[in-house]
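Asks:
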Amino acid sequence: MSFRNDVELTMVNYNCSLEEALNILETKARVELLKELKRQIYYSDTYIRTIADAIEKSKE
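Numbering (this note's numbering), first residue to last: 123 to 182.
1) Among T149, S166, A143 and R161, which has the Cα closest to the Cα of M133?
2) With respect to the alpha helix (DSSP H) encompassing S180, which residues constitute its N-terminal and C-terminal limits?
3) What is the rounded straight-line gap between the Cα of R152 and the Cα of R171?
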C-alpha cells in the first residue's frame, strides 16, 4: 500500500483532517520503531549474556 493510500484510509477510518491523519500515522510509526528497538535491545542483551556465560564457563 502506498503512503497516500495510508493517509486516505486513516482520514476515512478516523474521520479526521489531513493534518490529524499525518499525526496518527507518525505516532503509529514511532510505536513500531520503539517496538523494533525494544526487540533489538532484548536480543543484544541475550547475546551479551550468552557470551558472558561462555566466558565464565571457560574460566572454570
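Cβ coordinates follow ideal geometry from the N, Cα and C atoms, glycine included.
Replies: Reading off the structure:
1) When each option's Cα is compared against that of M133, the closest is A143.
2) Element bounds for S180: L140 to K181.
3) Near 28 Å, if we compare the C-alpha coordinates of R171 and R152.
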